[in-house]
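K.L.:
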Amino acid sequence: MKISEIKDNLHLLTPRQRGIAEAVLDSPDEVSYMTLKELSERTAASEVTILRFCRALGYSGYSDFKKALQDYSREHLFKASPLSFLSLSRAEDRKSADPKAMLRAVFEDDLANLSTMMAELDAEKLTACVKRLMAASEVKIFAHDGTFIIAEYLANRLRFLRVNVHSVNIGNSDSVQTMLAGLDSGDYVILLSFPPYYRPISNIAHFCAMRKVPLMTITDSADSPAATRHADVFLCATAARYYYNSQVSTISFFNILASCIAYELGDRFEEILEDERDVSDYISAEHRAAEALL
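The opening residue of the sequence shown carries number 147 in the working numbering; numbering runs sequentially from there.
(1) In this structure, does DSSP put Ser405 in helix, strand or coil?
(2) Going by DSSP in three states, Thr365 sits in which element: helix, strand or coil?
(3) Please go through the same chain and pick out, in chain order, the residues whose beta-carbon is closer than 7 Å to the beta-carbon of Ser319, but skip the five residues on each side of it.
(4) Going along the chain, which residues of its own chain have a beta-carbon closer than 8 Å to the beta-carbon of Ile347, five neighbours each way excluded?
(5) Which residue's Cα is closest to the Cα of Met264: Phe400, His433 and Thr160?
(6) Where are the alpha helix (DSSP H) runs, 4 residues long or more, that stay fully inside the region 316-350, in chain order?
(7) Which same chain residues, not among the five before or five after Asn155, have their C-beta less than 8 Å away from its C-beta?
(8) DSSP state of Phe231, grouped into three classes?
(9) According to the Cβ coordinates, are Ser444 and Ala301 closer than 9 Å?
(10) So, are the CB atoms of Thr396 and Ile364 less than 9 Å apart?
(11) Exposed or buried, Asn391, counting other C-beta atoms within 10 Å across all chains shown (16 or more means buried)?
(12) Given 8 Å as the limit, is there contact between the region 206-222 and the region 351-362, that is, 3 or more CB pairs closer than that?
(13) Quick check on Asp217: does DSSP put it in helix, strand or coil?
(14) Tell me which residue opens and which closes the beta strand (DSSP E) that Val379 is part of.
(15) Measuring alpha carbon to alpha carbon, tell me which of Leu361, Val311, Ala297 and Tyr389 ends up nearest Pro341.
(16) Checking 9 Å against the spacing of the C-beta atoms, do Ile407 and Val276 come in under that value?
(17) Taking the alpha carbon of Thr384 as the reference point, which residue from Lys286, Val194, Lys246 and Leu257 has its own alpha carbon closest?
(18) Please classify Ile196: is it buried, with 16 or more other beta-carbons within 10 angstroms of its beta-carbon, or exposed?
(19) For the beta strand (DSSP E) that Ile287 lies in, which residues bound it at each end?
(20) According to DSSP, Ser313 sits in a beta bridge with which residue or residues?
(21) I need the DSSP call for Leu156, collapsed to helix, strand or coil.
(22) Report back the beta-carbon spacing between Glu266 and Leu381 to the nearest angstrom; my notes put them in contact at under 8 Å.
(23) What do you reckon, are the CB atoms on Arg345 and Glu176 nearer than 9 Å?
(24) Can you check whether the CB of Asp378 is closer than 9 Å to the CB of Ala274?
(25) Which term fits Thr293, buried or exposed, when burial requires 16 or more other beta carbons within 10 angstroms of its beta carbon?
(26) Label Tyr442 either buried or exposed according to how many other C-beta atoms from any shown protein chain fall within 10 Å of its C-beta, with 16 as the threshold for buried.
(27) Identify whether Phe224 lies in helix, strand or coil by the three-state DSSP scheme.
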């Protein structure tokens, strides 16, 4: 049975299974990343009952069911998205579009996202966040799915500036639990959240608040689950015509953030550049020496 067919077939399930189904349909995106134990606690149903529920729907087990639920969540959010690409990416539109006009429109979309990000950027808040980030014993970046790719980019930018930083894929629950268990008030957390949102990311924000850990959220909307009142929120518009997010404004924000850190470093930044040149020169010399021996 497809996830989209569950609602119309609740009568085929037992009362306990219907309770599980209703919990799944209420928050499919959130449930799709829950462990079996977490869903058991959410629904007050035993893990065995949940496994029987999965098999009743035709899935081999809980992992198979979660994969189908994740696919459904992405498709459902895609159809519900208000972004302009939903109408502009139709086959008939692509056939009739002038290629130059299409490319120009994509460029103008990214330019508009950049302009929106810059117009909403609070320089004083960013400067204050940069100082807290630089003073932290460790910076931890949490992201999910495709957003984790740009989290790694940000982490590399910060490592170059000698920031002690780790990036964590929220999809790996073991890594997340380990990282959260080690959080203390001397750390700094950055949350990245873009459509399709991973709703449980708000739990990380609340945990940071409980541990009194300063928090920055980089997202596309004030309605994002990561944009909690505990966080310093920076908005990067990502509206795109042919896919969920164009991260042009997000990457630009990362570069602005890194530039602010470089500015705050003062003479230390020049030392970092000199260290990098020394390493580069050494590697080049070793490479030339190796080639000479061939």
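All C-beta atoms, glycine included, are put in the ideal place defined by N, C-alpha and C. Quick caveat, the model's predicted, so the values are computed rather than measured.
P.N.:
The structure says:
(1) As a working mapping, residue 405 is identified with position 259 in the sequence shown. When DSSP states are grouped into helix, strand and coil, Ser405 belongs to the helix group.
(2) As a working note, residue 365 is residue 219 in the sequence shown. It is a strand residue.
(3) Here residue 319 is taken as the residue at index 173 of the sequence shown, counted from 1. Around Ser319: Thr181.
(4) In the sequence shown, counting from the first residue as 1, residue 347 sits at position 201. Hits under 8 Å: Phe288, His290, Ile316, Leu337, Ser339, Pro371 and Ala372.
(5) Here residue 264 is taken as the residue at index 118 of the sequence shown, counted from 1. Cα-wise, what sits closest to Met264 is Phe400.
(6) Qualifying alpha helix (DSSP H) stretches, in chain order: 319-327.
(7) As a first step, residue 155 is located in the sequence shown; it is residue number 9 there, counting from the start. Excluding sequence positions up to five before and after Asn155, its CB lies within less than 8 Å of the CB of Met147, all in the same chain and listed in chain order.
(8) In the sequence shown, residue 231 corresponds to position 85, counting from 1. In this prediction, Phe231 scores a pLDDT of 41, lower than 50, which makes its location untrustworthy; the coordinate-derived value is nonetheless stated afterwards. Note: Phe231 maps to helix in three-state DSSP.
(9) No information on residue 444 is available, as it lies outside the stretch 147 to 440 that the chain covers here.
(10) The count along the sequence shown starts at 1 and reaches residue 396 at position 250. The count along the sequence shown starts at 1 and reaches residue 364 at position 218. Yes, Cβ-Cβ distance for Thr396 and Ile364 is below 9 Å.
(11) Here residue 391 corresponds to residue number 245 of the sequence shown, with the count starting at 1. Counting Cβ neighbours within 10 Å, Asn391 comes out buried, since at least 16 surround it.
(12) Counting Cβ pairs under 8 Å, fewer than three are found: no touch.
(13) Residue mapping note: residue 217 aligns to position 71 of the sequence shown, counting from 1. In the structure shown, Asp217 sits in a helix (DSSP, three-state: H, G or I).
(14) Indexing the sequence shown from 1 puts residue 379 at position 233. Residues Asp378 to Leu381.
(15) Here residue 341 refers to the residue found at position 195 of the sequence shown. The shortest C-alpha separation from Pro341 is found at Tyr389.
(16) Locating residue 407 in the sequence shown gives position 261, counting from the first residue. Locating residue 276 in the sequence shown gives position 130, counting from the first residue. Between Ile407 and Val276, the C-beta spacing is below 9 Å.
(17) Locating residue 384 in the sequence shown gives position 238, counting from the first residue. Minimum Cα distance to Thr384 is reached at Leu257.
(18) The count along the sequence shown starts at 1 and reaches residue 196 at position 50. Under a 10 Å Cβ-count criterion, Ile196 is classified as buried, with 16 or more other Cβ atoms of the shown protein chains found around its own Cβ.
(19) As a first step, residue 287 is located in the sequence shown; it is residue number 141 there, counting from the start. Counted as a single uninterrupted DSSP element, the beta strand (DSSP E) harbouring Ile287 occupies residues Glu284 to Ala289.
(20) To locate residue 313, count along the sequence shown from 1; it is residue 167. In DSSP, Ser313 forms a bridge with Ile287.
(21) To locate residue 156, count along the sequence shown from 1; it is residue 10. The three-state reading of DSSP puts Leu156 in helix, counting H, G and I together.
(22) Against the sequence shown, residue 266 aligns to sequence position 120. Against the sequence shown, residue 381 aligns to sequence position 235. Indeed, because the Cβ distance is near 5 Å, the residues count as touching under 8 Å.
(23) Taking the first residue of the sequence shown as position 1, residue 345 is located at position 199. Taking the first residue of the sequence shown as position 1, residue 176 is located at position 30. Yes, the Cβ-Cβ distance between Arg345 and Glu176 is below 9 Å.
(24) Taking the sequence shown and counting its residues from 1, the one referred to as residue 274 is at position 128. Taking the sequence shown and counting its residues from 1, the one referred to as residue 378 is at position 232. At a Cβ-Cβ threshold of 9 Å, Ala274 and Asp378 count as neighbours.
(25) As a position in the sequence shown, residue 293 is number 147, starting the count at 1. Classification of Thr293: buried, given that the 10 Å Cβ count is 16 or more.
(26) The requested residue 442 is not part of the displayed model; the chain covers only 147 to 440.
(27) Taking the sequence shown and counting its residues from 1, the one referred to as residue 224 is at position 78. The pLDDT assigned to Phe224 is 47, lower than 50, so where the model puts this residue is not dependable; a value taken from the coordinates is nonetheless given after this. Looking at Phe224 - three-state DSSP - the assignment turns out to be helix.
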